[in-house]
Structure formats: C-alpha cells, structure tokens
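Below is one structure, written out as structure tokens; the observations come after it.
2 protein chains.
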Amino acid sequence: MEAKNLWRFLVLPIGVLLFLLLTWFHLPNKGALDCNLYSGWCTSKNRFYSSSQANQIKKPSFSSYNNQHHESEIPQHPLDPLTIQEFNRVRTILSTHPLFKSSSKYTLNSIVLEEPDKKLVLKWKKGDAPLPRKASVVAVVKGVSHVLTVDLETGLVTDYEYSVSGYPTMTVEDMVGVLEVPLKSIEFNRSITKRGVKLADLECLPISSGWYGTQVEENRRLIKVQCYSKEGTVNFYMRPIEGVTALVDMDRKEVVTISDNGENIPVANGINTDYRYSIQKLNGELRLLNPISLEQPKGPSFTVEGHLVKWANWEFHVRPDPRAGTIISEVKVRDPDTSELRNVMYKGFTSELFVPYMDPTEGWYFKTYMDAGEYGFGLQAMPLDPLNDCPRNAYYMDAVFASSDGTPYLQPNMICIFERYAGDIAWRHAECPITDLKVTEVRPKVTLVVRMAAAVANYDYIVDWEFQTDGLIRSKVGLSGILMVKGTTYENMDQVPNQEYLYGTLLSENIIGVIHDHFITYYLDMDVDGSDNSFVKVKLKKQETSPGESPRKSYLKAVRKVAKTEKDAQIKLKLYDPSEFHVVNPLKKTRVGNPVGYKLVPGATAATLLDPEDPPQKRAAFTKNQIWVTPYNKSEQWAGGLFVYQSQGDDTLQVWSNRDRSIENKDIVLWYTVGFHHIPCQEDYPIMPTVSSSFDLKPVNFFERNPILRVPPNFQDDLPVCKAHDSA
Amino acid sequence: MEAKNLWRFLVLPIGVLLFLLLTWFHLPNKGALDCNLYSGWCTSKNRFYSSSQANQIKKPSFSSYNNQHHESEIPQHPLDPLTIQEFNRVRTILSTHPLFKSSSKYTLNSIVLEEPDKKLVLKWKKGDAPLPRKASVVAVVKGVSHVLTVDLETGLVTDYEYSVSGYPTMTVEDMVGVLEVPLKSIEFNRSITKRGVKLADLECLPISSGWYGTQVEENRRLIKVQCYSKEGTVNFYMRPIEGVTALVDMDRKEVVTISDNGENIPVANGINTDYRYSIQKLNGELRLLNPISLEQPKGPSFTVEGHLVKWANWEFHVRPDPRAGTIISEVKVRDPDTSELRNVMYKGFTSELFVPYMDPTEGWYFKTYMDAGEYGFGLQAMPLDPLNDCPRNAYYMDAVFASSDGTPYLQPNMICIFERYAGDIAWRHAECPITDLKVTEVRPKVTLVVRMAAAVANYDYIVDWEFQTDGLIRSKVGLSGILMVKGTTYENMDQVPNQEYLYGTLLSENIIGVIHDHFITYYLDMDVDGSDNSFVKVKLKKQETSPGESPRKSYLKAVRKVAKTEKDAQIKLKLYDPSEFHVVNPLKKTRVGNPVGYKLVPGATAATLLDPEDPPQKRAAFTKNQIWVTPYNKSEQWAGGLFVYQSQGDDTLQVWSNRDRSIENKDIVLWYTVGFHHIPCQEDYPIMPTVSSSFDLKPVNFFERNPILRVPPNFQDDLPVCKAHDSA
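Residue numbers (the working numbering), protein chains in the order written: chain A, 1 to 728; chain B, 1001 to 1728.
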C-alpha cells in the first residue's frame, strides 16, 4: 500500500459513525449508498451493523457484472477459493470452538482456502473425487495471534502457534476503528481547526507505523493517523494537514501521542485537483481521439470454468486472494508437437510490497508500507471499470472474501481476463522479393491478460499476468493513482534556500511530492515439466583469445553454473556481469539434449539502497536481492513474513534463504522483485499517468522449436465488419 | 544487419545472372517477377538492365498500397525527402559535373536530402516560401569517396573531402556483384559440390568483413561470401555450408582467398524449417484464436499531410531514409494549458547498429555487423504486410530511394503509422465507494505508432516510435527473423566432449545458434522548448541520518548535477548507482520554478563486454556507454562514423565525445544505446518469436500538471458495432 488505502474505512467513521453518533458535526447531506454499484461496501456495512444477518450475502443484481449465483457455488477444483457456503460453515465450526466460545473479543483477520498438499493437487484430475476442503484462518483472540486450520468436513480445528514477531494483516475494523480515535482528543481537534480546516471536511488515513525497536512499540499494536481536507475536491490527498500526526493504540483505541509541528504550513488550496470527468469536463473536455476498440465479433477465444481459464495453448487457475490479490496456479502450456499439457508454474502471486518514502522527518519516516501483509493487496482491489480498466469482451471474476466476523461478502469485478491485440508482431521475416524466395511472413501477436487493480489508498497498482502463445508469461505492474504529498510553506522553488533539501519535488504551490521506492516481490513456484527443478545461472563472461588464435581479441562465453544452495541464488543484477537465469528440469532434455527450462528475464527495475540495518529495510530484507531461490516450503509464501504488521524482520525471505538449504534438483520457488525509484514530477499531479515495469518467464529449450510456427496470419476475411455506434 | 541481408541481391546473381550467363546450371523454372507486388525490386531491376529508362519510375498500381502519385510529388516541408523529380534533377546536374563526366567508373552510394540549416527549418512555417532544396550525395569515383552537396536550384555542386577511414555504405551492385565471384573459382565450386550441394541450390550472403588491421585489408574493399543450400526450404539460413568462406575484393571482383575447413560438417537437413504458412499448414494449422481486431469505425484520429503527422496532441515529421530507416523530426506536443505546440525533439533516428557474434574462429570472427552504415538499415526495410505487420486502419508511407546510378525507385509501404489500444490504462484511481468519495475514474491508453521493419538478411528489426497523449515517447525495437547459425557434426549434446565449447546452443541436429549481441544506438537531438538545453543527472544516493535525527538510519537523496562537458555525460548504467537523466531547458521554468525537461528512461538493456581494443569494439566504440551527450554538430550523426565499411574507429561517437566539449546550455544531442545479449534457444528455431526492448523520453516538469487530466473515459456508445465478416 501507499498511503494508507483504507478509503473503504475512512469514510465509515467520518461519514457514518460520526454522522450517527456525533451529530454535533455538520456534514453535507450524503446520497443513499448505492448497493447496486458497491455491493462490496454494502456487505461490509452489513458486517458492521447486521451481525445477525451474517449468514446472508447480498447478491449483486446489476447487469454490468456477471450475475453469478455465488450463493449456490460449489468448488470445482481443489484450488477454488472458499465458497459462501464454506465461509458460513467455517463460522459455524468456529462459533462452537472453545477458543472463540469463551471469548467475546476476537477478530478473524483472514479466512482463505487452506490449499491441499501440492502433491495431491498435482495428481487431481477433473472427474476425480473432490479433495477434502479446509480453511486457513488467522485469528486474534485476546491479543494472541492464532493460525488455525478448519477441516470443513470433520469440523476439526487445528491451532498452530507461530513464534514470529508482528501482527496479522489489519482488519477493516482495525483500520476504521482508529480513525475516530484522534477526534476524541481536544488537542488534535484544535490542531485541525487552527489550520482552518473544518472537522466535517476531514479525511484521515490509518498509516502503518512500521517498527523501530522503541519502547513505546512493545507489546502493542500502534498506528499513525494523518488527515487531509476534502473541501472542494475528492482528491483530498492533495490537501494534507502537514505536521499533525496521531499515534494511536489500535487495540485500546487510545491516542498515545499527538505531534503538531507544521503550524505554519498552509493546507494547499486543492484547486483543479479533482480528477473526475464530471468536474474536469467543466474545464473543457480534451477529446483527442476517435473511438478505438478491440473487437472480437466471434467472441473471445478463452473459457472460464469456475476459476479455470483455458485459452489458446494455455490452461491455468485464477483465484482472488485477500492478501496477494490474484493467485495464478497450475499454469500449463500445450506442446504443439505432442499436444500434451506441460507444467510451467505451480503458483505465482505478488507476495509482498515495500514502499519506503525517503523522508526521515517526524511526520514521514515511518511511511514504509508493506501493502500485502499490512493492508491486504487483494482487499484493496476495487471493482474494475468495464471498457476502461479492461477492454470489451473482458470476463470479470468476482471475489468472495470474509469480513472480520467471518461473514462472506462480495467484491465484484475484482479480476478481469481479456485478450489483447496491440498491433504487435509474434514473429516475422521478409525475404528477397523474387522467384522462389518471394517471402514475407508475419504473424500478429495476441495475448491473454489477467488483471486486477489494487487501489491501496492513494496509489493504484495494476497487476497483469500476460500469456503469449509462444510460451512466454509476462508479469507486469503498472503504477497510477495519486501521490502521497507533503505540505510546505513554499510556493515557488526560488523561495527555497540553497542549502535546504525538500525530500522531493515542488509539484504545485505548497505541495511536495516526496521521493519513494516501490518494490513488488513475486513468488514464483516454478514446476518446469515436474516439481524437481534446478536453478542455473548462465553467465556471459568476456573471454580473451590466445595469441594467434583469432584476429579477435575477445568474445563472450556462456558459462553454466547450477546453484547448489540458496546462497548461490541470491542475486543482484549487474549490467556488466550479465547472466541468464534458468529454471530447468535436470531430468528432462530436448531431442538434441538441452535441459528443458524456463528463464526469468528481468525488465527495467530498481534496487533498494537503504542501509541493511535501517529498520524498514530489515523488515523488507526480501528486497535485498532481485532474485532468490528457496526450496518449496508451504509455510514460506509471504516474503516479509506471515505477520508483517510491526514485524521485526525475523521471518523474511532473507532469513529463510540464509539457512542456505540445498536447491539442486528439488521442488524450488523463484522469487523476483520489480523495483521503481519515483522522483515525482509535476506531470504526476494531481493524478499520475501510469508507469509500468515487467519481467518475463520465457521458455528456453522447453519446446523443440518455435511453438507457434504453424499459426496462420491475419486474413482480411477474418476481421470484423464494424460501424460506429451512432450509425449502426 | 545480421547475416548479410542482401536477399535482394543474392538471388539476382544466382537466379538471373547465372541463369542468363551460366546456363550449364540447372535451375528450377521461376515464375515471372510480379512487379505489382514487388515494385521496389522491379525498379531495382530496371536499374540494372534498363539504365536508359533511368528517368522513369514504375508506379505501383495495386490496391493494397496507397496509390500516391509520387511522380508529381513536390516537397511541402523543408525536411521532406527528395522527390522523384529532384532525384532526376540531381542526376542531370551530376551528369555534367567534371567528376562524373570524365569517369565512366563511379557509384552513387547515397543520395538524400541535404537538410537545410536547423535554424532555418525551425523558423520555417507552413505558407512560408520553400527553403532552397539541396541533395547530399555520397559518391565513389575512381576509388575515392566524395561527399557532395548538390544545389537543386543553382546546379552548384560542392565537393567535401573527409579524411576518415572506411568506405561508404555498400551499393546494391557491390553486394550483388560479389556473390558470383566465388563461383568463378574451381576450388570454391569443388568445396560446395563435395558437400553434396548442387550449385543450383546455392544461396550466398555478402558478409561485411570488418577491419582487423591486417595487410590484406589495406587500400581495398573486401567482403566475405558464405553460402547455404536452399534445397527443400526457403529458410536456407538453416542449411549453412559450414567452413567455406570466400574473401573477395569488392572492386576488382576477384577472389582473394578461399578457406575450406569444415569438410566433415554435414549440411543440416532443413526439415520443417520452411516457415511459410503455405507449407506449415500442410503440418496442420494451429488455429488457436478467434479473430481480434483494432477497430475504428470513425477512422483513425491522425492525419498525414505529405510527411507531416498530426495526432491527438502531437505533431511531427516522418521520412524514410536509406541509412537510418525512419527519421522523426520536429517533434512537438501541444500544451493543454496554453494550446501551444512545444518543441520536444528536433530529430531522432537509429544512428547505427552493432551485432558482434561471439565466435572467434575462422569462419565467424568477422561477423560483427554495423547494419546502418554497412548495408543501409532503411534500404533493407521491405514493404510491410498489412493486417499483420500493422493493424487495420494503418497508413502506409512509401519511400523513394536512389539506386547506385541515381535512378529513383519506390519502396512501397516502408513505414506504417497506426493508433494502438492494447487494453492499457493511461491513468486511474479508485476511491472509497461511499458518499462524496464514491469515485472510480479510469482513462484508457491509446497511442500512435510509427513502424518500420528492416529485414537485414536473416534478422528482422521492428523499429517503433510510439507517442502517448501524456507526452511520453517510447522508442522500441523488436527482434525477429532468423538466426545466423553454424553447422556442426553434432546431433546431440551427449556427443559433445566435456571440454568443448560450442559458442552457442545446439538448436537442432547439426545446427548451432551462435551467441551474439545487438546494439542499436539512437541519435536524439532533443530541443526541449528550444534548442539550448542542458543535461542533468539526478542521482539518488543513500544518505545516512545523523544520530538522533530520525528513527530511520537512511534514505535516498536526489542530487542534481548539470553535465558541463561531454565526459560528464558518458554514462554506464548501474542498478546500485541510479540516476534520472534529464534534458532541461535551463532558461525555462514551470510556474512553481522547476526546470522544464524531458527525461530519458532506459528499459531493459545489455552492455558490451568486449575488450575495448578488440577491433570490432573499437569500430563500435559508440556502444561503450549507454548514454552520451554531444553538442549539436551537423556532421556528427552516424555513431560509427560517416564511412563505416572497413572503418578503423577513428570517426565514432567516442572520438567526438572525447574532445570533451562544453554541453551546458547548448544545442545538445543525446545518444542512447539499447542492447541485447542473445543466447539462442530452440524456440528461436527455425524462426524467432519477437523479443523487444525500449526506452522512453518522458516529460519531467515539462507540463504544469498531468496533461491528460481532461480526457474522457470510454463510454459504451463510443464503441463500434461489429459483426463477423462471414455474418456481415
């Protein structure tokens, strides 16, 4: 997450709780909540106010969403997420469990499918008896975190204790509950009002406080709350009330301290920061383009059965996850020579994020977000906007998540799946235009994209998995949304003394866009033609020729090195010490004897430069290398640790990897981190054009030959006949 | 170039010359040349056989191409390429010039527009009197290279001498003429036939020989010729006759030496290497997808007037160039706040390529191609294939180039221009779904692409310039086509002795894909809001906090450093020493006082690791850094030097830059090199799936704010109504 998402929750206390409970605030009249459009919210609301209705779920009935009958859904695949009925079964089982029965004070921080053993899943085939269904529950009971496995058949509950630092992902109530806390403080309210901001215009964010080893942090969950003025704009992020921070005890709902050190910093005016079309078109619409659309008159070429996607030569399983966002599983590609479906990857997802801001001052030093483990990357993935987030003919997949009392609720349109043709070329060659070599052969490139967009407070992360028919998988992350900005007294750079450093860019009067990094760490459980794989570095090294050997003095020589243990696979990328990174199946060779493999191909990226002993960097030690390889271990999935909130860095990928276990000819997991340095610029204001980066998983001697040699080109008669809508 | 393109020319000697002159070869009956489809070739043919018809040009009359009346074209813009009438005028002027009049032996290696002075072009506006038209001619007369300026109005010819090493770009006749030479040698023919290859099945390539400082290279133009068998496949590249190389004197048309050292290496069988659809569909078509198409029922949003393209907020000039391929000039973007067209880049093009193969042995060490200067990157850009190379609604721009006697000829469909919508997102934000913050705003991303595909013998380079409405320019190069492979006795890796190194990957029986690099060096004459610019490195450096300053130990600090001289701007990229690279206008600031600029954003790339003293690396010294900045100098355009063929590295970007001239607050040129390491894999056989990389030129405090804040989202009613072709 970035600034702390929690939009979903901010408004609740400000809008609803305050409205209902503290009616001495003057609030603008809010329209009725449109449950047709925002069922996710409606069900969240149910969760808070109608716990007696907890067994019900509001069914979306609006035409723009797939009107799936989620209530009657039954799992069709061992990796299908929990169904509504299963969520309710979990609640029933837990309600009679001693742990919860005896306690009135508990939260269910997470309820998701407990995946069956990998071996069982790999063996399972359609038509087989369903594998036993289990749920994995993270619960906090009387301040103690539990990880429970709930057997849905037997009702058996197993309770695991984890001796790691940190707390589970915040619940909605955690995040919402803290926002009202500072308002109980006269000191805090005075800080706000003396800046000329009406309390009714307040919009506050719950900001994870990190962990710095201080006494105040011991044995309690803390959070920072900072606020903004939304007067005159929905883009309240551009109107920070700089210097006012409340440190709040999340469980006691008490203010620990309030700091107020930016009295002289005005709240920026927010003029023309509201990016909504309805507002912007008042400034004159900028209509630059005729309509353009991806059209498929015969429909898309993929099918989705439950969560199983089949497209072209690909087959894989997609499910929404409250923490990871999208989980892609059992990725298989069909070999055109044998027609066999071959395993590529057992599981891939965004395991953790790390977003440190580069400002060590009082109101900013703690902004070092770990969005997946602190806020839930999937929880923040709002419904996608058809025709804009995804093109026509996209399929939208809903999520069913559990609220903190276990009630299931619907997150509609959370993931979209669509085919993409961007005018690109899959392969081509033009030959000599004469006689028997009169050849121009070109094949257009069409791909399949699985997308979600997690709007973690200000920032929006667009997470794509893109599949190409040539066997390549591209994992791409796009950053858009809104900057986290800092108030300043300056209105122009010429006012800034020569020696003063702003920690960012003056974007507009009184607004600094603070420099920050983004790291997105992917878990990639590669299973190239089977689970036992090896990781091979193919280094390119300069080789000098011997005297008299050649008129050349040097050439590049490829040197293969199999990584024996984890430390062999802790890799920092270097332009002048290049390698290819292969995951091969050492037991399988191509016809001519090359090891069958997939390679990781990094794209543009950035590395963390923070001091390894800096507390945020210690907690996010998984960003220390771009590549890691670990032996498969079911419990090692979250790069920052199972409990990331206020974690101390004792359960990270780095800690696991430093055990230096053997990784040769084993079931191995590849980890890759995509990084961005972001020095904001004025073009990012008041909303940022998308910046993207990606990496590829690419077949390397996996196929015997180009697997799309036999695909046809486009012919005129394949293409649709279209009319403009208004002339149709 | 890769292996040496010259498809266009190979076939001529083999097919036509041999057929006509050496009728003792049995040749398959070839169909008549289809001038409707291959007018470029037809006119080339005219050039060779009908020099009396030199003032005519065959006009394409086929419906798939824009039937433009090139004969009557007149220039509309100072940077418009020479017209047919102008080419003919050049020929007329030169025919009476003493240099040519007195010599029967000359070649015109290049005739292109001599650009008017930059200042004049910048001042010129539509409606102004045309600027005087001049041609720049590179001619070789009696073995001496001349660079001439021909004033088309006055007929005045100015002759410049350049005291640099090397020879001009080869002419078509150079390349074609050498291919028959080895066949005069009984020794050569015996080498071929003893390998069981019929001379009628021969396909030979003219391979630039580089420069290695040996005596044999002195004062003569040399080329290597290697041959393949095309028996049973158009993909002759996969059937190398390994170990047979003829060294040929290009001017005397004499064999210098023949080496034959691969007698025991069989010619690979070439089975299933023919990638043509007509052949591949015999194996069973792999139809994976329903049709998908980019549809624009109201037509594209761009216009092309002559060579001037206007699209959305962009305006720029595009022209084909025989050496560079596509030249983009006078790139301007409209500021949405002021409606003013603002300068971004005066000129951008691919200045040179460097493609060293990593094999120092006899038949391979010299393969270190510099495609633009040796073969002509634009000359090799074949007609694009509509619906496959470019989507529907693309505009196709023809090129008119001159053959070596000055005759103009048409290269139809050389460049395409199209709008692209790939399902991507220009910007988005989703907010809290309640009350006044019920916001999800998303804008789809549509871009404009200018594309050419240069098929330089085996390799195909797809060169895109992509323009985004947010002000970003993406320059992308895609590599496809066919590998340059090496014959081997091995059929399986298990036959290869442990200590033997293959210089590549065994791709199929008897075929090794040799490791190589690709470097594409771009010339980017940035003019950010005017010609006087500065280059600024914005370094991100780790800053430790002082004791007690902060709970944080470190953060990243941005440190701006203006490059004073060229050496300050010789940059090797480092992941752990990151910078942003800004070209700013030091005289212009934004409202809040930031310098107006554009930044260069590298994508994934590779660096050369060759020894700087290795002769190929010396000649390609422009690849030594990823970034260079030079002061604008009209004569410094070709990174490898004006005369690249057999050049010795005395006229490269490195040589110019090492003069260390001042570059602060000057008209400066930015150079960027995109690199690829390519370790071939079996998927690249027998034709390679496209691999791409790119870099961006991105506004950085150029606009006051996000310039596409006011663009509308897609609405259902904007999109077309389509039917499948067969149901329409």
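Backbone N, C-alpha and C fix where the C-beta goes; we use that ideal spot for every residue, glycine too.
A straight line joining the alpha-carbon of residue 248 of chain A with that of residue 207 of chain A spans about 10 angstroms. Taking CB atoms only, residue 193 of chain A has no neighbour in chain B less than 9 angstroms away. What residue 1247 of chain B touches in chain A, judged by beta-carbon distance under 8 angstroms, is nothing: the nearest beta carbon there is about 12 angstroms away.
For residue 175 of chain A, the uninterrupted alpha helix (DSSP H) segment begins and ends at 172-179. In the assembly as shown, residue 715 of chain A is an exposed residue. Its beta-carbon has fewer than 16 other beta-carbons within 10 Å. Residue 591 of chain A and residue 221 of chain A have their C-alpha atoms roughly 59 angstroms apart. Going by C-alpha positions, residue 1543 of chain B is about 51 angstroms away from residue 84 of chain A. Shown here, residue 700 of chain A sits in a strand according to DSSP, grouped into three states. Residue 1218 of chain B is outside the set of residues whose beta carbon lies under 9 angstroms from a beta carbon in chain A. Rounded to the nearest whole angstrom, the CA to CA distance from residue 1721 of chain B to residue 296 of chain A is 11 angstroms.
One alpha carbon belongs to residue 1388 of chain B, the other to residue 719 of chain A, and they sit about 12 angstroms apart. Three or more beta-carbon pairs separated by less than 8 angstroms are not found between the segment 1289-1303 of chain B and the segment 1243-1258 of chain B, which leaves the two stretches without contact. When the Cα atoms are used, residue 405 of chain A and residue 352 of chain A turn out to be separated by approximately 25 angstroms. Listed along chain A, the residues sitting closer than 7 angstroms to residue 1501 of chain B by beta-carbon distance are 557. Secondary structure at residue 608 of chain A: coil, using DSSP grouped into helix, strand and coil.
At a cut-off of 9 angstroms between C-beta atoms, residue 1673 of chain B does not count as an interface residue with respect to chain A.
At least one C-beta of chain A is nearer than 9 angstroms to the C-beta of residue 1212 of chain B.
Against residue 1361 of chain B, the close residues of chain A are 550, in the order they occur along the chain (beta-carbon pairs closer than 8 angstroms).
The shortest CA-to-CA distance from residue 1113 of chain B to any of B:1119, B:1093, B:1129 and B:1086 is the one to B:1086. The segment 413-432 of chain A makes contact with the segment 1418-1428 of chain B, as at least three CB pairs between them are under 8 angstroms.
Residue 390 of chain A is positioned such that its CB atom lies no closer than 9 angstroms to that of residue 442 of chain A. Distance from the CA atom of residue 516 of chain A to the CA atom of residue 288 of chain A, rounded to whole angstroms, is 32 angstroms. Closest option to residue 539 of chain A, judged by alpha-carbon separation, among A:527, A:505, A:576 and A:512: A:576. DSSP places residue 109 of chain A inside the beta strand (DSSP E), whose first and last residues are 106-113.
Within chain B, the C-beta atoms nearer than 7 angstroms to that of residue 554 of chain A come from 1610, 1611 and 1614, in chain order. Fewer than three Cβ pairs drawn from the segment 559-574 of chain A and the segment 481-499 of chain A lie within less than 8 angstroms of each other, which leaves the two stretches out of contact. Minimum Cα-Cα distance from residue 1286 of chain B among the listed residues A:453, A:238, A:708 and A:268 corresponds to A:708. Cβ proximity to chain B below 7 angstroms picks out 385, 387, 388, 389, 390, 391 and 392 from the segment 384-398 of chain A.
Within the same chain, and ignoring the five residues on either side of residue 1167 of chain B in sequence, the residues whose Cβ sits closer than 6 angstroms to its Cβ are 1221, 1643, 1645 and 1646. For residue 1172 of chain B against residue 1204 of chain B, the beta-carbon gap comes to about 15 angstroms, at or over 8 angstroms, which does not count as contact.
Remark: C-beta atoms of residue 1672 of chain B and residue 1600 of chain B approach each other more closely than 9 angstroms. A direct Cα-Cα distance of roughly 38 angstroms separates residue 579 of chain A from residue 1202 of chain B.
Considering only beta carbons, no part of the segment 1397-1412 of chain B lies closer than 9 angstroms to chain A. Neighbourhood of residue 1204 of chain B in chain A, by CB distance below 7 angstroms: empty, with the nearest CB roughly 12 angstroms away.
The beta carbons of residue 1454 of chain B and residue 1325 of chain B sit about 6 angstroms from each other, so the pair counts as a contact at 8 angstroms. Excluding sequence positions up to five before and after residue 550 of chain A, its CB lies less than 8 angstroms from no other CB in the same chain.
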